[in-house]
Each structure stands twice: as structure tokens, then as C-alpha cells.
Amino acid sequence: MPEPILQIENVSKIYGARRTLFGRTAEVQALNNVSISVQKGESFGLVGESGSGKTTLTRSILHLETPTAGRILFEGQDLALLSSAELRRLRARVQIVFQDPYASLNPRMSVRDIVTEPMLVHNDILNLSRVQRTDRAAELLSLVGLGPQHLSRFPHEFSGGQRQRICIARALASGPELLLLDEPTSALDVSVQAQVLNLLCDLQDRLGLTYFFISHDLAVVRYLCDRVALIYRGELVEEGETDEIFDAPKSDYAKMLIGAMPEVKVRGNAA
Amino acid sequence: MTHPLLDIRNLHLTMTSFDGAAHVLNGIDLTVNRGEIWGLVGESGCGKSLTGLSISRLVSTPPARYIDGEILFEGRDILSLPAKEVQSLRGKRIGMIFQDPTTNLNPSYRIGEQLVDVALAAARHDASILDCPPNASRRERRRAARRLAGDMLDRVGIPNAEARLDNYPHEFSGGMRQRVLIAMALIGRPDLLIADEPTTALDVSVQAQILKLLKGTVADHFIGVILITHNLGVVAETCSHVAVMYAGNIVESGPVAEVIERPAHPYTKALMASIPTKHSKRGSLNGLGGSVPNLISAPPGCRFAPRCPHAVEACTQTLPKPVQVGGTHHAACIRLTETEDLVDA
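Encoded structure:
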């Protein structure tokens, strides 16, 4: 039995009522008693529609958001009990790839600066010299299918798929074990999406990464993930092996979602 | 002889930029009849949105220039009509739905006012829309328009539609705003509806509702629809016909069932192979290598040739003409017979 790398235990998050210019806003229960356990080395998919609490949960895992109730454990350590220095060290091991590769790269930074920045931030752990950092950046770029010749270029010189590769290289720079992937392919064309998905599979096999994959694209989740959890209005609706959920969904919500999924049904196998 | 609803013939469009002219649409031929839902699919930058915008002449010239071709809407060439007449087509005979529902509604007007405006404008073209006597006063016409707006919102599935007319756009969710836009596009009873990625920003459950609504509208009013999307799944479930675009050309077109079950063009095949399906094994997706060609210095022959696994010398010489594959199913590739064998082998 592999040990869990990430345990989310009975997490709830309530955004409190705020007083605004137009009166008081209502309380929002973003997460309600969510428990998920992610095993080392697996791909775990989190599926939900907009407003379901996916992002709140992701932000809680990164400890950018403090849950109102419940605990989040990374390798058995409660995030809430860590000192800020410990938390910073832990962040080297948990990294994230964002949805929009056009918005998540600083246009004024060269690819070298972008990819080496996490190494600089976590240099107390990594202990790399300037030259070593550049070497590692070049290594990471070739790992994601780019090359050292791209180091001195800027984000605008790259296509969407290439940008997402740069984001993945950056996320890998601090040597993480857990990668949060927040809809990494939804801004990409299908042919490019296929390249990025293949890259993710390949990286996982090579580096033994654990993926926490957030998406509303069910086809992509089915392709990439070993286990899936469905979240609806802040509550966990269904969780299980990918094949089980897609072949025999139990809850009404899962049935509806899987039924609504547009699919190309091909009888023969195309090319 | 009756004209087809929309007939695009050999449409060429160039865009001038600092680096030279980019040949963005390179001879588009497309015929849409009433009752048909055409899916226009392709990757970003292949010209599908520009084709849609050209139909309602919303591409600004310059920087764009139509160097050849015509867009016949019921036999009249939209490109050579006076601006005023084109304006009288927009929103009335030709409806448009754009991708981003957040930026296409005016945030400072109530939903109802925005819908009523469109209804009143459309009624100037076809008074029967409002369903009130020709000598009705302005107030009566406004009241009728508001009734119609409420009806439309109700039809696109917004609960409590009558009361919602007094809401502002920010009080609606993304899916609801998209439905408002659809209601707005349908309120003038267009004969042709151009929907540019209407569901890309939405959740699958909302997407399913909207596509169903679109299909229902075609069945009820016998209109023609062009659905621009990059999601082949959406096309497979919604459209009657599909045209696959690549770098400014339609490389394959025909009835959906045929194109999807027997894709003939190598690009369509590659596109199909890159969609994860139930049976695709982990790490086995066939992504398409390379990237879309630079349209400023586009290769002279088939624009897909540099990425095509079956390309030969002749492919880079001349632009392939569409070849009949079966019925109305066409593909623009000179190696169709050869690639067919390759697949069978």
C-alpha cells in the first residue's frame, strides 16, 4: 500500500460576510467537509464545474487560503502548524501549473529568468551556483521538449503550447514531488493539448511525480488520471477509480456530467 | 432558381502587417442551406472566426483586404453591398453569438433594455416580430418588445425570466449571460446564425443545454447555422455538416457522420487522433508535430504539407483542389488514394 502524499481531512471553507458599499454580502460556503487522500505517484483528478470549489481547494493545498475547519496534511505534516520558514521549504516540493500560459509568464523576463527564479527562491535547499542554475534550466527545457537555444528568448516568442511547456519547466525547477495542474490544457488547441498530455505522462514516468489534476474536461481527466473525485457546490459527490466512475457513475450528478460530455464516437479507429 | 441561404465562393482575405501581407483566408468555399448546422473546426489562427466575421462584414478594411471571392447571402454579395444595407442585415437576417459573454453585454444597462433595443431595431425590418398592430404607439411597441424579450429569455432556459429582465449583466453567471446573448441573437428571428465558440467558456452541463437549444431553434425556425468551434465532440453531437479548416483553407467538408467516421484528409485524421477517447491508452495520444505555418511566407502548395506524414514533392507545388470522396464529402488532398491504402495496410 503506497503512502499518501497529500491528505485533505474534513476541510471546510466559509468566506465570511463582508460589508460593501451596497450592504452586507452573504456568507459563501466554498467547501463543505471535503476529504481526499492522494497516493504517492498517482494522478488524481479533481473534476467540478465553475463555482464548485476547485480553486479554493487548490489554494488551500498551497496554503494560500486557510481552511475554516479541517486539516491538510502533506506527508503527514499539518500545513497549518508549520512555521513560515518550514512552509517555504515545503513549497519547493509542491508546485503548480496554471491554466492560462499567456497570463502566467512575465513578459519582461527571459525564459532563463523564468525557469531559474524558483531555484533562486529555494536556493537554501538546492544550493546551486549561477552557472549550475542555468545548466539546470537548460536541462529542464530539454526535458519538456524545448532546448537550450530558447533560454535567452522571451515569452512572446513562443506559441501557447510552448509557453505551457515553459510553465511546466518552471514548476519542475525546485524539484517538486507533487504537481498541482490547474486546467493546464484548457487554453490549448487539441493537437497541442495532446502533446502536453503526452509530456505530462512521460514526465510522471521519468520523475515519479504525483499529479493533482484539476479540470472540467472529462475526456482529459479520463485519459490522464488513475483516480477521480467529483466536487459539486463545495461537496465531494463521488470518488473512485477513473474507469469505475466513467463506466458506472453512482451519483446523479456524475451521471449528468458524464452524459453531458460531448464525444466523438468513432466506430473504426481513425488513423 | 432559388439561391442557397449562404454561398461563400473562393473567398480570399489578406491582412497587412509590418512584416508583409498575410494570406489569412486562401480561397474558402462554403454553402449553407436552411436547416443545416455547419461546424467550422480548426486550430486557433486557422481563419474560422474571420470567416464568420466576414459573413456579417465585421472585419475592418484596412488592415484586411478581400482580394477575391464573394459571400452570397440569398444571392446578394455581402462584400459589395452598401454599408447601410449590410447594417440592415446584421442582427435581423444574420444573427451572431460571440465567444465571450462577459464583454459582449453592456454592464451599465439592464438585460431587458438591451434585449428590447435589439427587438425594436429588428422590428423596423420585420414588424411582425413584435406582434402588434402597425399603428401601435411607441409605448405599445416597447411593451410588446419587452414581452418578447421575456419570452426569449424564458425560451433559452432562464428561470423567472420576466423578473430577470430588470437585472444587470453582473447579476448573471457566465452561462446565463451566454444564454442572454443567444436570446439577443435569436430575437430578430435571423435566417442565418453565426455562433463563434458559444460554449467554449462554459461548463459541460450548461454547454449541453445550449447546444440542445441551438438544435431546437434550427428545427423550429428552419434557419441555417454556422457553429465555429475547436471541439470536435461538440461538432459530432450538434452539427449536420462540418468543414475542417487549416491555415486559411477548408481541407475537408461534408456531412458530419461521414467526415468523422471516414476522415479522408491527413489533417482531419491527425486532429481526430489527438482527442483523448475512452479507449486511448495513457501516453499514446498522437499529437500533431510541428506548428501552424507562418501565413506571411506560407508554403505555395498544400499548407499542411510541412507537417503531413504523407507529403511528397508534388504537395509543395500547387494548392490541392477539393476532391470528391463520396456524396457531398470533399477533401483537398492530392494523395487521398495513397493515404487510404496506408491506413488499410
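Top to bottom, those sequences are chains A and B.
The first sequence begins at 1 in our numbering and counts up one residue at a time.
The second sequence begins at 272 in our numbering and counts up one residue at a time.
Even glycine gets a Cβ: it sits at the ideal position worked out from N, Cα and C.
Chain B contact for residue i (CB, 9 Å cutoff)
i, result
"Pro-262 (chain A)", "yes"
"Tyr-15 (chain A)", "no"
"Asp-189 (chain A)", "yes"
"Tyr-102 (chain A)", "no"
"Gln-39 (chain A)", "no"
"Gln-99 (chain A)", "no"
"Ala-169 (chain A)", "no"
"Ala-273 (chain A)", "With chain A represented from 1 up to 271, any question about residue 273 (chain A) goes unanswered, as that position is not in the structure."
"Gly-259 (chain A)", "yes"
"Arg-280 (chain A)", "Because chain A spans 1 through 271 in this model, residue 280 (chain A) falls outside it and cannot be assessed."
Residue i versus residue j - alpha carbon distance
i, j, result
"Arg-89 (chain A)", "Val-111 (chain A)", "24 Å"
"Ala-270 (chain A)", "Val-496 (chain B)", "At Ala-270 (chain A) the pLDDT is 40, less than 50, meaning the model places this residue with poor confidence; the figure from the coordinates comes in the next sentence. Cα to Cα, Ala-270 (chain A) sits roughly 27 Å from Val-496 (chain B)."
"Val-527 (chain B)", "Ser-511 (chain B)", "6 Å"
"Arg-578 (chain B)", "Val-594 (chain B)", "20 Å"
"Pro-285 (chain B)", "Asn-520 (chain B)", "Sequence check: residue 285 (chain B) is Thr here, not Pro. Cα to Cα, the separation comes out at about 13 Å."
"Ser-50 (chain A)", "Asp-474 (chain B)", "7 Å"
"Met-543 (chain B)", "His-600 (chain B)", "17 Å"
"Asn-438 (chain B)", "Arg-448 (chain B)", "11 Å"
"Ala-80 (chain A)", "Gly-16 (chain A)", "19 Å"
"Pro-534 (chain B)", "Val-220 (chain A)", "22 Å"
"Asp-615 (chain B)", "Pro-580 (chain B)", "Any answer about Asp-615 (chain B) is weak, because its pLDDT of 40 lies below 50 and its placement is not dependable; what the coordinates show is given next. Rounded to the nearest angstrom, the two C-alpha atoms are 15 Å apart."
"Ile-8 (chain A)", "Glu-307 (chain B)", "50 Å"
"Val-28 (chain A)", "Arg-153 (chain A)", "44 Å"
"Leu-140 (chain A)", "Asp-462 (chain B)", "54 Å"
"Leu-251 (chain A)", "Leu-46 (chain A)", "Contrary to the premise, residue 251 (chain A) reads as Ser rather than Leu in this sequence. Those two C-alpha atoms are separated by around 16 Å."
"Pro-148 (chain A)", "Val-330 (chain B)", "40 Å"
"Ala-518 (chain B)", "Glu-584 (chain B)", "20 Å"
"Phe-158 (chain A)", "Leu-203 (chain A)", "21 Å"
"Ser-320 (chain B)", "Thr-332 (chain B)", "16 Å"
"Gly-598 (chain B)", "Val-303 (chain B)", "16 Å"
"Lys-552 (chain B)", "Phe-44 (chain A)", "17 Å"
"Lys-40 (chain A)", "Pro-4 (chain A)", "6 Å"
"Thr-499 (chain B)", "Glu-468 (chain B)", "A small fix is needed here, since residue 499 (chain B) is Ile in this sequence, not Thr. Approximately 5 Å, taken between the alpha carbons."
"Pro-262 (chain A)", "Thr-58 (chain A)", "26 Å"
"Pro-353 (chain B)", "Arg-328 (chain B)", "11 Å"
"Ser-476 (chain B)", "Ala-260 (chain A)", "5 Å"
From the options, residue whose alpha carbon lies closest to that of residue i
i, options, result
"Gly-421 (chain B)", "B:Leu-457, B:Arg-395 and B:His-396", "B:Leu-457"
"Ser-215 (chain A)", "A:Met-261, A:Glu-235, A:Lys-54 and A:Glu-139", "A:Lys-54"
"Gln-95 (chain A)", "A:Gln-195, A:Arg-170 and A:Pro-148", "A:Arg-170"
"Asn-377 (chain B)", "B:Leu-484, B:Met-455 and B:Thr-500", "B:Met-455"
"Val-264 (chain A)", "B:Val-522, B:His-550, B:Tyr-538 and B:His-536", "B:His-550"
"Ser-60 (chain A)", "A:Glu-42, A:Lys-40, A:Ile-36 and A:Gly-41", "A:Ile-36"
"Ser-359 (chain B)", "B:Ala-393, B:Asp-339, B:Ile-338 and B:Glu-341", "B:Ala-393"
"Leu-277 (chain B)", "B:His-294, B:Gly-445, B:Gln-385 and B:Thr-322", "B:Thr-322"
"Leu-296 (chain B)", "B:Glu-529, B:Asp-339 and B:Arg-395", "B:Asp-339"
"Glu-235 (chain A)", "A:Leu-31, A:Asn-10 and A:Leu-21", "A:Leu-31"
"Gln-385 (chain B)", "B:Met-367, B:Asp-491 and B:Val-451", "B:Val-451"
"Arg-435 (chain B)", "B:Gln-480, B:Tyr-380 and B:Arg-409", "B:Tyr-380"
"Leu-188 (chain A)", "A:Pro-176, A:Asp-217, A:Thr-210 and A:Leu-207", "A:Asp-217"
"Ser-444 (chain B)", "B:Asn-281, B:Arg-280 and B:Asp-371", "B:Asp-371"
Below-9 Å beta-carbon distance, residue i vs any chain A residue
i, result
"Asn-565 (chain B)", "no"
"Gly-445 (chain B)", "yes"
"Ile-368 (chain B)", "no"
"Ser-288 (chain B)", "no"
"Lys-319 (chain B)", "no"
"Leu-213 (chain B)", "Past the boundaries of the shown model lies residue 213 (chain B); chain B is included only from 272 to 616, so the question cannot be answered."
"Met-543 (chain B)", "yes"
"Gln-478 (chain B)", "yes"
"Val-475 (chain B)", "yes"
"Lys-549 (chain B)", "yes"
"Ile-605 (chain B)", "no"
"Asp-612 (chain B)", "Since pLDDT at Asp-612 (chain B) reaches only 49, below the 50 mark, its modelled position is unreliable, and no value is offered."
"Ser-568 (chain B)", "no"
(request) Could you list the residues in the region 498-523 of chain B with a C-beta less than 9 Å from some C-beta on chain A, going in chain order? (result) His-501, Asn-502, Leu-503, Gly-504, Val-505, Val-506, Ala-507, Glu-508 and Thr-509
(request) Compile a chain-ordered list of the residues in the region 292-315 of chain B whose CB is closer than 9 Å to at least one CB of chain A. (result) Gly-313, Glu-314 and Ser-315
(request) Entirely within the region 532-574 of chain B and at least 4 residues each: give me those alpha helix (DSSP H) ranges in chain order. (result) 537-544
(request) Check distances from the C-beta atoms of the region 133-159 of chain A to those of chain B and list, in chain order, the residues that come in under 9 Å. (result) Ser-159
(request) With 8 Å as the limit, tell me which residues of the region 235-247 of chain A have their beta carbon closer than that to any beta carbon of chain B; keep them in chain order. (result) Phe-246
(request) Please name the residues in the region 195-214 of chain A whose beta-carbon is closer than 7 Å to at least one beta-carbon of chain B, in chain order. (result) Listed by position along the chain: Gln-195, Leu-197, Asn-198, Cys-201 and Asp-202.
(request) Within the region 110-152 of chain A, note down every full alpha helix (DSSP H) run reaching 4 residues or more, in order along the chain. (result) 111-121, 123-126 and 130-143
(message) Which residues of the region 572-588 of chain B have a Cβ closer than 7 Å to any Cβ of chain A? Give them in chain order.
(response) For the region 572-588 of chain B, no residue has a beta-carbon sitting nearer than 7 Å to a beta-carbon of chain A.
(request) Residues of the region 47-72 of chain A with a CB closer than 8 Å to any CB of chain B: list them in chain order, please. (result) Glu-49, Ser-50 and Gly-51
(request) Identify every run of the alpha helix (DSSP H) within the region 377-424 of chain B, keeping only runs that are complete inside it and at least 4 residues long; order them along the chain. (result) 382-396
(request) Could you tell me which uninterrupted beta strand (DSSP E) segments, each at least 3 residues in length, are contained entirely in the region 300-372 of chain B, listed from first to last along the chain? (result) The region 300-372 of chain B is shown to contain whole beta strand (DSSP E) runs of 3 or more residues at 308-312, 335-344 and 365-368, in chain order.
(request) With 7 Å as the limit, tell me which residues of the region 374-393 of chain B have their beta carbon closer than that to any beta carbon of chain A; keep them in chain order. (result) Answer in chain order: no residues at all.
(request) Scan the region 23-78 of chain A and note each continuous beta strand (DSSP E) run of 3 residues or more that stays entirely inside, going in chain order. (result) 28-39, 43-47 and 69-74
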